[in-house]
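Engineer: Numbering (my numbering), first residue to last: 3 to 332.
Ideal Cβ positions, reconstructed from N, Cα and C, are used throughout, including at glycine.
This is the structure, below, for whatever I ask next.
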Amino acid sequence: MAINGIETIIYGVEDLELCTRYFVDFGLNLTASTNRESHFELAEGSNVIVRPLEDARVEGQKLVGYGVQQVVYGLTSSRHLEKLVENVSTDRTVRRDADGSAFFFDDDGIAIGLRVFNRQPVIGAPDPVNSFDTLKRINVHRKWRTRAKPKTIQHVVFMSPSPERGFAFYRDRLGFRLSDIQPEFGIFARADGCTSHHTMYWFRADLPFPGLDGQLRFNHANFGVEDIDEMMVGANYMQRQGWPKSNWGVGRHRISSSLFLYLPCPAGGEAEYGTDSDAIDDNWIPRSWNARFGTATWISNIPEFLINEAPWEMEFIEGSVPVGTPHPKG
Ligand SMILES: [Fe+2]
């Protein structure tokens with residue numbers, strides 16, 4: 003295993019004070035704050051850094067607009083880090099910091115980095131669920147929470163003019179694995195040392211959806227919470243603090259099975275509470291989905307493009323089924 007998570011995301015924002023208050027209310031743990039930077043640290047040891055856009059932008063980047071300007075991926079060891087630096091430095095400049103961290107651009111022009119990451123395991127203890135006569139909780143009520151406290155950065159999403167080109171770099175140079183494809187919408191991929199369904203999603207930038215204009219832009223970051231109760235307590239708290247409500251509300255994606263709740267974010271794009279994603283490894287067989295069918299199994303506020311039931315279309319990707327395995331198509 004090499005990349006074991008997202009170690010740091012750096013936001014470039016218009017109003018640092020407003021965005022700091024937003025992420026504090028969202029439930030991130032503020033560890034340092036100046037008038038040029040706010041630093042949040044999550045339980046897994048990952049970092050969210052918020053800076054004014056002019057400070058966060060990386061000279062030469064192609065990414066436009068507010069939101070995450072740089073993603074630093076975590077490496078399990080310096081040996082793995084040096085191997086990946088060797089892979090990427092064949093055709094691009096790699097800047098090194100004194101601690102060994104490496105910084106460069108991916109093929110889309112997004113500024114990314116690599117750094118050794120001593121990721122801390124996060125032990126979840128979600129409340130057992132009762133179902134008919136299958137009783138997992140007797141005389142015990144579910145947890146009463148007051149706030150959401152996200153503990154992980156599960157994935158980041160960019161709107162890319164070419165998801166295929168974006169993904170190819172991460173597959174060929176950084177060892178990412180294909181998770182699933184929505185041919186019209188985008189590509190899901192997982193870092194090799196991660197088990198969450200996707201570490202990145204490239205969303206096709208010229209789709210006719212709000213906020214997409216064909217350009218390379220940040221879309222959202224997903225912050226992991228324990229279960230649906232923590233997700234919704236967080237959403238209620240945000241509403242009580244006066245932040246805008248989610249457009250879609252809570253829902254469950256069909257691709258990845260994860261529960262989602264996207265909140266508009268003044269730092270750019272949306273901030274997502276996420277939980278209960280499929281956990282996958284290299285035995286996973288990637289699939290190609292009807293884009294609308296893959297989007298959700300249910301959603302509280304159905305967007306226009308999902309009003310009509312989508313056709314149940316999904317197939318395993320040709321060539322992705324291991325030799326010796328009966329082909330799912332027969
Ligand atoms: Fe997401």
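Can you tell me whether Gln241 is helix, strand or coil according to DSSP?
Structural biologist: Gln241 falls in the helix class under three-state DSSP.
Engineer: So the candidates are Ser133, Glu39 and Glu46; which of them puts its Cα closest to the Cα of Asp57?
Structural biologist: Considering only alpha carbons, the answer is Glu39.
Engineer: State yes or no: is the C-beta of His222 nearer than 7 Å to some heavy atom of ligand 1?
Structural biologist: Correct: His222 has its Cβ closer than 7 Å to ligand 1.
Engineer: Are the CB atoms of Gly276 and Phe225 within a distance shorter than 8 Å?
Structural biologist: Yes. Within cutoff.
Engineer: So what's Thr22 in DSSP terms, helix, strand or just coil?
Structural biologist: Of the three classes helix, strand and coil, the one that applies to Thr22 here is helix, per DSSP.
Engineer: When the Cα atoms are used, what is the spatial distance from Leu176 to Ile112?
Structural biologist: Going by the C-alpha atoms only, they are around 14 Å apart.
Engineer: Using a Cβ distance threshold of 8 Å, determine whether the region 179-198 contacts the region 244-252, with at least three qualifying pairs required.
Structural biologist: Touching, no, given that fewer than three Cβ pairs across the two stretches are closer than 8 Å.
Engineer: Helix, strand or coil for Lys331 per DSSP?
Structural biologist: Its pLDDT being 49, under 50, Lys331 is placed unreliably in this model, and the value from its coordinates should be taken loosely. Coil.
Engineer: Please determine whether the Cβ atom of Val159 lies at a distance below 7 Å from any heavy atom of ligand 1.
Structural biologist: Val159 Cβ: within cutoff of ligand 1.
Engineer: Cα separation between Arg94 and Arg173?
Structural biologist: Rounded to whole angstroms, Arg94 to Arg173 spans 17 Å at the Cα level.
Engineer: Going by the CB atoms, is the gap between Phe105 and Met161 shorter than 8 Å?
Structural biologist: Not closer than 8 Å, so no.
Engineer: What did DSSP end up calling Ala113 once you bin it into helix, strand or coil?
Structural biologist: Strand.
Engineer: How many Å lie between Leu65 and Gly168 at the Cα?
Structural biologist: Using only the alpha carbons, I get a separation of about 13 Å.
Engineer: Could you give the C-beta distance for Phe220 and Gly270, rounded to a whole number, given that I count them as a contact under 8 Å?
Structural biologist: Indeed they touch by this definition, with Cβ atoms about 5 Å apart.
Engineer: Distance, Cα to Cα, Arg254 vs Ser302?
Structural biologist: Each residue's Cα considered, the two are about 9 Å apart.
Engineer: Under DSSP, the beta strand (DSSP E) around Thr33 begins and ends at which residues?
Structural biologist: Residues Leu32 to Ser35.
Engineer: Classify Glu272: buried if its beta carbon has 16 or more other beta carbons within 10 angstroms, exposed otherwise.
Structural biologist: Answer is buried; the Cβ neighbour count reaches 16.
Engineer: Can you name the residues that DSSP bridges to Asn224?
Structural biologist: In DSSP, Asn224 forms a bridge with His157 and Glu274.
Engineer: Which residue comes first and which comes last in the beta strand (DSSP E) that contains Ala191?
Structural biologist: Segment Gly188 to Arg192, the beta strand (DSSP E) holding Ala191.
Engineer: Which residues in the same chain have their Cβ closer than 6 Å to the Cβ of Gly126, if we skip the five residues on either side of it in sequence?
Structural biologist: Excluding positions up to five away in sequence, the list reads Glu228.
Engineer: On the DSSP letters alone, give me the boundaries of the alpha helix (DSSP H) that Arg167 sits inside.
Structural biologist: That run of the alpha helix (DSSP H) goes Pro165 to Leu176.
Engineer: In or out: Arg53 buried (at least 16 other Cβ within 10 Å) or exposed?
Structural biologist: Buried, by the Cβ-count rule.
Engineer: On the criterion of 16 or more Cβ atoms from any shown chain inside 10 Å, does Lys153 qualify as buried, or is it exposed?
Structural biologist: It counts as buried.
Engineer: List the whole-angstrom C-beta distance separating Tyr203 from Val159, where the pair is believed to meet the contact cut-off of C-beta under 8 Å.
Structural biologist: Between Val159 and Tyr203 the Cβ distance is about 4 Å, and since that is below 8 Å, they are a contact.
Engineer: Roughly how many angstroms lie between the CA atoms of Lys331 and Glu317, to the nearest whole one?
Structural biologist: Confidence at Lys331 is low in this model, with a pLDDT of 49, below 50, so its placement is unreliable and the value that follows should be read with caution. Looking at the two C-alpha atoms, the distance is approximately 8 Å.
Engineer: Measure from the alpha carbon of Ser79 to the alpha carbon of each residue in Gly69, Ser103, Gln71 and Gln63, then state which is nearest.
Structural biologist: The option with the nearest alpha carbon to Ser79 is Ser103.
Engineer: Hey, could you find the ends of the beta strand (DSSP E) Asn49 is sitting in?
Structural biologist: Per DSSP, Asn49 belongs to the beta strand (DSSP E) from Asn49 to Pro54.
Engineer: Tell me whether Gly133 sits in a helix, a strand or coil according to DSSP, three-state version.
Structural biologist: First, the amino acid is wrong: residue 133 is Ser here, not Gly. Three-state result, Ser133: strand.
Engineer: Determine the extent of the beta strand (DSSP E) in which Phe318 is found, giving its start and end residues.
Structural biologist: Per DSSP, Phe318 belongs to the beta strand (DSSP E) from Met316 to Phe318.
Engineer: In three-state terms, what does DSSP make of Gly14?
Structural biologist: The answer is strand: DSSP assigns Gly14 an E or B state.
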